[in-house]
């Protein structure tokens, strides 16, 4: 009879361990900051209140998603690589490329000769928008004029290619989930 009680207590202990162990392990993982999940975007999210209207700019293409890039005064290899990745990313969207417009913003001293090999629409940039595009960032803008994601400047061909793939993945996801056409 004594061995039967031990067997019951052992089964009860194992049952309790099966339910308590996952809670304890989850608590440890979260308290030690070992879990990093939730975000599936590759670009950096921009504060939701940031839009063309808040920057004092009229939305140049209100019915399209936009990829913004500020053309610097001296367009070196990194700049040309950025323009190439921008063009290739737009082409890689396939049937969705009609919904996305790459837009190059310029200053009075921008190196317009760099655009000779590319066919992008250009617009002058104001000071508020230039602040967001400094350091040769790419920014995705939704059809309502909200700045959504930013992609900082990277160095090297491999890093540019990886960022181009990330940009395409994010754009495809945004276009698929968008209720604004």
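Numbering (our numbering), first residue to last: 6 to 186.
All C-beta atoms, glycine included, are put in the ideal place defined by N, C-alpha and C.
Closest option to residue 185, judged by alpha-carbon separation, among 93, 171, 68, 95: 68.
Excluding five sequence positions before and after residue 119, the CB atoms of its chain that fall closer than 7 Å to its own CB belong to 76, 80, 84, 85, 88, given in chain order. Three or more Cβ pairs drawn from the region 144 to 162 and the region 43 to 55 lie within less than 8 Å of each other, which places the two stretches in contact. It is roughly 29 Å from the alpha-carbon of residue 39 to the alpha-carbon of residue 163. Nearest Cα to residue 62 within the set 139, 134, 32: 134. Residue pairing by DSSP puts residue 74 in a beta bridge opposite 109, 143.
Taking C-alpha positions only, residue 117 is separated from residue 32 by approximately 56 Å. The Cβ atoms of residue 143 and residue 107 do not sit closer than 7 Å to each other. In this structure, residue 46 places its C-beta atom within 7 Å of the C-beta atom of residue 175. Setting aside the 5 residues that flank it on each side, residue 125 is surrounded in the same chain by 107, 109, each with a C-beta closer than 6 Å to its C-beta; the list follows chain order. Residue 129 is bridged by DSSP to 111.
Secondary structure note for residue 87: it is in no beta strand (DSSP E), and the uninterrupted alpha helix (DSSP H) holding it is 82 to 97.
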